[in-house]
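First residue of the sequence shown? That's 6 in this note's numbering, and the numbers climb one at a time after it.
Cβ atoms here follow ideal geometry from the backbone N, Cα and C, with glycine treated the same way.
Only one structure is covered here, and it is reproduced in the block below.
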Amino acid sequence: MRGLSKDEVGVEPTVMKIMAGIILLAVGLGIGVAVYRWAGRGIEEQLSFSVDVDANEVVIGKPATGDNSKTIQVNVEKILGGYNETITLSYSPSRTGVTITFNPSSGAPNFGSTMTIKVDSTATPEDVTITVKGSGADGLEKSDTFVLRIQ
Numbered sequence: 006m007r008g009l010s011k012d013e014v015g016v017e018p019t020v021m022k023i024m025a026g027i028i029l030l031a032v033g034l035g036i037g038v039a040v041y042r043w044a045g046r047g048i049e050e051q052l053s054f055s056v057d058v059d060a061n062e063v064v065i066g067k068p069a070t071g072d073n074s075k076t077i078q079v080n081v082e083k084i085l086g087g088y089n090e091t092i093t094l095s096y097s098p099s100r101t102g103v104t105i106t107f108n109p110s111s112g113a114p115n116f117g118s119t120m121t122i123k124v125d126s127t128a129t130p131e132d133v134t135i136t137v138k139g140s141g142a143d144g145l146e147k148s149d150t151f152v153l154r155i156q
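Structure, rendered in structure tokens:
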């Protein structure tokens, strides 16, 4: 085996260093892109909204005739300030003799809605947990609950 000439000394180690650098760059970019996608998805999942009913319990008496009603505030707010989809409010479960309406029934956060609960003479005295749900135009759903006590 012969030795390296002056022109060949250092060429092979330099080429190896360049190849190692290219490999490390490719691996770093691959990991970097994966981390960026993972972290970005986490941020998007946090761009959300909340639904908050301003009461834990609502007590309404069952009337002999007509109806009794109460109004409660429902607040829909952005989380992290980036959610701008239209949100529609709804409730469940439904009960005979109980009507719940929202004004407005939809909007883009941040907004407040007045929830009106009406109980008429056909309602059954009971305690029922009502879920108020906000459904975003993109399919995202958030909710809050309160107990409706019909006496």
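Per-residue burial, residue i [other beta carbons within 10 Å of its own, 16 or more giving buried]
{"i": "GLY139", "result": "buried"}
{"i": "LEU30", "result": "exposed"}
{"i": "LEU153", "result": "buried"}
{"i": "PRO114", "result": "buried"}
{"i": "ILE23", "result": "exposed"}
{"i": "ASP59", "result": "exposed"}
{"i": "ILE27", "result": "exposed"}
{"i": "ILE135", "result": "buried"}
{"i": "VAL79", "result": "buried"}
{"i": "VAL124", "result": "buried"}
{"i": "SER126", "result": "exposed"}
{"i": "ILE36", "result": "exposed"}
{"i": "MET120", "result": "buried"}
{"i": "SER110", "result": "exposed"}
{"i": "SER118", "result": "buried"}
Element boundaries [beta strand (DSSP E), containing residue i]
{"i": "GLN78", "result": "72–84"}
{"i": "SER55", "result": "53–58"}
CB-CB length for residue i against residue j, believed under 8 Å
{"i": "ALA142", "j": "VAL103", "result": "Not quite, the Cβ-Cβ distance comes to about 28 Å (not below 8 Å), so this is no contact."}
{"i": "VAL56", "j": "LYS75", "result": "Not really, about 19 Å apart at Cβ, beyond 8 Å."}
{"i": "VAL81", "j": "PHE54", "result": "6 Å"}
{"i": "LEU94", "j": "VAL137", "result": "6 Å"}
{"i": "ILE84", "j": "GLY112", "result": "Actually they do not touch by this definition, with Cβ atoms about 16 Å apart."}
Paired residues, beta bridge with residue i - DSSP
{"i": "SER140", "result": "THR93 and GLU146"}
{"i": "MET120", "result": "ILE77 and PHE107"}
{"i": "THR134", "result": "VAL152"}
{"i": "ILE65", "result": "ILE155"}
{"i": "GLY112", "result": "ILE92"}
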